[in-house]
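Going by my numbering, the residue at position 155 of the sequence shown is 449; the numbering climbs one at a time, nothing skipped. Glycine residues also receive a C-beta, built at the ideal position from the N, C-alpha and C atoms.
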Amino acid sequence: MPQTPHVETHFTSGEFVRDIVIGMSDGLTVPFALAAGLSGAVPDTHLIVVGGLAEIAAGSIAMGLGGYLAARSDAEHYEQERLREQREVREIPDEEAREVSKVFQSYGLTADESAPIVEALSKRPEAWVDFMMRFELGLEEPEPRRAFTSALTIAGAYVAGGFIPLSPYMILSNAWRGLLFSAGVTLLALAVFGYIKGRFTGAHPWRSASQTTVIGALAAGAAFVLAKMIA
């Protein structure tokens, strides 16, 4: 009887999506909150646009740099741990073999069942180190250009998100009207973004959409009220 070939589909772009989520969520929320706060204090949309553009520039640089440093830190940590594992495999192979056996025993294998696998790994030092890095320490080797790619992705997503709440102020001359239109397009964008994020990350799409929308609305509302109180 013919069988349909089994094809597994797994989502493998988690880090890229995570960077987009980080940049886009902050890019939508922070400039939106800033523009809303300025709308409560000044009637001139020109000042709001200038302030918003300055925030987008500063925010994208800060977020991109943060992503770069985080990725570099992960890469450096991986390299340090790999050097340590290489040294331990070379200097204390018996102890490392026991650790490999414990890993297999945690999956239900007995010491006797895991012994041949441990013996085979001990003859392949690099594979042995790879195994320890992944299954003992839970570390995956970072991509060589991960830091640079992460910085560009986060910064670009921040800029793209930031122009959505700011665009109505660029078109309209009245701050109050700009706020109303900005709130409409930004909350819609947050809902769409949250829904798509939920679909990609495996979370419930509508719950993700509602969460991002509520957070953005609360941030903008708080900024607007504070600005009104101070002004």
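Exercise. So who's on the other strand from Asp-338, going by DSSP bridges?
Worked result: Looking at the DSSP output, Asp-338 shares a beta bridge with Asn-468.
For this session: Since I believe Tyr-463 is in contact with Ile-316 (beta carbons under 8 Å), could you give me their beta-carbon distance rounded to a whole number of angstroms?
Result: The pair is not a contact, with the Cβ atoms about 25 Å apart (cut-off 8 Å).
Problem set entry | Assumed close pair Phe-326, Gly-510 - CB separation to whole angstroms, cut-off 8 Å | For Phe-326 against Gly-510, the beta-carbon gap comes to about 6 Å, under 8 Å, which counts as contact.
For this session: From the DSSP output, in three-state form, read off Ile-316 for me.
Result: Three-state result, Ile-316: helix.
Exercise. For Gly-334, which option in Leu-473, Gly-478, Gly-455 has the closest C-alpha, if you only look at C-alpha atoms?
Worked result: Among Leu-473, Gly-478, Gly-455, the Cα nearest to that of Gly-334 belongs to Leu-473.
For this session: Quick one: grab the DSSP three-state call for Gly-331.
Result: Gly-331 sits in a helix when the DSSP states are folded into three classes.
Problem set entry | Local Cβ density within 10 Å of Ala-421, reported as buried at 16 or more and exposed below that | Answer is exposed; the Cβ neighbour count stays below 16.
Problem set entry | Check whether Gly-361 and Ala-449 have beta carbons under 9 Å apart | In contact: Gly-361 and Ala-449 (Cβ atoms closer than 9 Å).
For this session: Give me the Cα-Cα distance between Ser-502 and Tyr-489, rounded to the nearest whole angstrom.
Result: Approximately 6 Å, taken between the alpha carbons.
Problem set entry | Nearest-angstrom beta carbon gap, Pro-337 and Ala-571 [assumed within contact, 8 Å] | Summary: the structure shown does not reach residue 571, with the chain confined to residues 295 through 525, and so no result is reported for it.
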